[in-house]
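Taken in order, the sequence shown gives residues 1 to 120; the numbers are from UniProt numbering.
Step one of this worksheet: look at the structure below.
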Amino acid sequence: MLTGKLLPDAESEFFELLEIFFPIIYDVKYLMKNCKNLKVGLEEVAEQLEIERISPQHQADSNSLMTGLAFFKMKVLFFEDSIDEGKYSEHVYGLGHSAFPADGFVYENNPVNVVEKKSR
């Protein structure tokens, strides 16, 4: 939409565009997986964080609002109001190097990306 072109075929090209238009991003689902005892579905997380839905479920506006509210509440409760940009920015849950840990295991509460895993 921002370029007037179709999405690129290669994931690496997608991430290049993402970085140009959104240099700092936080994926709430990726953050959720780093929060101890926090469920992974938006509805369940909103309930745990005591976030009240304002409009009907599965509507883009309502889900966007809940996602934003969940982000700010998680930031305060789980990240002491300061999210480590180097550790959590630029990850998109299910895409890129954070999607597939090097050893094939899914780290529910402490995902490790491939680059970090190889450098250990």
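Beta carbons are placed, not taken as given, at the ideal position from N, Cα and C, and that holds for glycine.
Test item: CB-CB of residue i and residue j under 8 angstroms
i: residue 27; j: residue 93; result: yes
i: residue 7; j: residue 15; result: no
Reduced DSSP category for residue i - H, G, I as helix; E, B as strand; rest coil
i: residue 79; result: coil
i: residue 61; result: helix
i: residue 89; result: coil
i: residue 157; result: Residue 157 is absent from the model: the chain starts at 1 and stops at 120.
i: residue 24; result: coil
Cβ neighbours of residue i in the same chain (closer than 7 angstroms, five flanking residues each side left out)
i: residue 51; result: 66, 69, 70 and 73
i: residue 81; result: 75
i: residue 39; result: 45 and 48
i: residue 83; result: 26 and 75
Backbone CA spacing between residue i and residue j [nearest angstrom]
i: residue 32; j: residue 11; result: 23 angstroms
i: residue 86; j: residue 24; result: 10 angstroms
i: residue 53; j: residue 62; result: 7 angstroms
i: residue 43; j: residue 36; result: 17 angstroms
i: residue 41; j: residue 4; result: 32 angstroms
Same chain, Cβ closer than 8 angstroms to residue i, five either side skipped, listed in chain order
i: residue 76; result: none
Other residues of its chain near residue i: CB distance less than 6 angstroms, five sequence neighbours each side excluded
i: residue 103; result: At residue 103, the pLDDT of 42 sits below 50, so the modelled position is not reliable; the number obtained from the coordinates is stated separately. Counting only Cβ-Cβ distances below 6 angstroms, and skipping sequence neighbours, we find nothing.
i: residue 2; result: 21
Short CB-CB distance (under 8 angstroms) between residue i and chain D
i: residue 52; result: Chain labels in this structure do not include chain D; a single protein chain is all it has.
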